[in-house]
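The structure under discussion appears below in the form of structure tokens.
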Amino acid sequence: MAVLPALNYNTKEREDFNMLKQLSIYAENKKGVMQNITGILKDEDINILGSVTNDSAEYGIVRMVVSDPEKAKEALIGAGYLCHVIEVIGVEVEDKTGNLNDLLLTLKDSNVSVDYLYLSFNRDSGKPIMVFHTEDIMEVRECLKSRGYTVL
49 MAVLPALNYN TKEREDFNML KQLSIYAENK KGVMQNITGI LKDEDINILG SVTNDSAEYG
109 IVRMVVSDPE KAKEALIGAG YLCHVIEVIG VEVEDKTGNL NDLLLTLKDS NVSVDYLYLS
169 FNRDSGKPIM VFHTEDIMEV RECLKSRGYT VL
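So the sequence shown is residues 49 to 200, counted in this note's numbering.
Take a look at the structure:
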């Protein structure tokens with residue numbers, strides 16, 4: 049399955065994209081739902097680049113960075129899922145001990161509260177990407193850039 053280079057987190061090829069997009073899917077917490085969701089994405093030739101799930105007794109939220117979030121949203125809504133696309137921040141870091149802590153310390157020192165985070169990888173560089181959501185995406189992006197972070 050081909051992945052568009054712009055979605056391999058290559059910053060030169062991402063120039064047309066202002067923000068990293070995340071697909072959030074609300075689904076019943078029951079057997080086979082995740083396979084159904086991933087099957088729909090597979091049938092639409094959509095690659096999952098990173099994901100995290102949160103659940104409760106009855107429902108869960110699946111958050112994903114995918115190769116085509118709008119196409120994924122349309123396909124999943126067509127299959128009866130409630131979902132939406134939002135902007136998130138992706139920060140590329142070196143693969144070494146303590147980098148997540150350093151990033152979180154920078155955010156704490158900048159008075160930024162992180163709603164949630166999860167891990168992805170830059171397929172071009174092989175480096176980890178911390179994907180997270182916060183209240184003021186643009187302000188946090190600029191803050192991290194000014195401190196030398198590679199923000200996607």
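For every residue, glycine included, the Cβ atom is placed at its ideal position computed from N, Cα and C.
Quick caveat, the model's predicted, so the values are computed rather than measured.
Enumerate in chain order the residues of its own chain whose CB-to-CB distance from residue i is below 6 Å, with the five nearest sequence positions on each side excluded.
| i | result |
| --- | --- |
| S220 | The requested residue 220 does not occur in the structure, where the chain is confined to residues 49 to 200. |
| F180 | I137, V162 and L165 |
| S212 | Outside the displayed span of the chain (49 to 200) sits residue 212, for which this structure offers no information. |
| V81 | A75 |
| M67 | E135 |
| V133 | K69, L71, P117 and K121 |
Enumerate in chain order the residues of its own chain whose CB-to-CB distance from residue i is below 7 Å, with the five nearest sequence positions on each side excluded.
| i | result |
| --- | --- |
| L55 | In this prediction, L55 has a pLDDT of 39, which is less than 50 and means its spatial position is unreliable; what the coordinates show is noted afterwards. If we look at L55 and ignore the five residues flanking it on each side, its Cβ neighbours are L97 and S115. |
| S158 | C191 |
| N102 | G108 and I109 |
| C131 | L71, S72, I73, Y74, K121, L124 and I125 |
| K193 | V199 |
With distance defined between alpha-carbon atoms, name the residue in the options nearest to residue i.
| i | options | result |
| --- | --- | --- |
| E118 | G138, G128, K193 and I94 | I94 |
| N147 | L68, A120 and I177 | I177 |
| K144 | K175, I88, K121 and L165 | K175 |
| G87 | L71, T198, L124 and S72 | L124 |
| L167 | L89, V160 and E142 | E142 |
| Y197 | I185, R171 and L151 | L151 |
Less than 8 Å separating the beta-carbons of residue i and residue j?
| i | j | result |
| --- | --- | --- |
| E140 | K69 | no |
| A120 | E92 | yes |
| T154 | R189 | no |
| T182 | V199 | no |
| N77 | A105 | yes |
What residues in its chain sit with their C-beta under 8 Å from that of residue i, if we drop five residues either side in the sequence?
| i | result |
| --- | --- |
| I85 | I73, A75, V110, L124 and Y129 |
Runs of beta strand (DSSP E) lying entirely within the segment 77-160, each at least 3 residues, in chain order:
List check, beta strand (DSSP E) in window: 96-103, 107-114 and 130-140.
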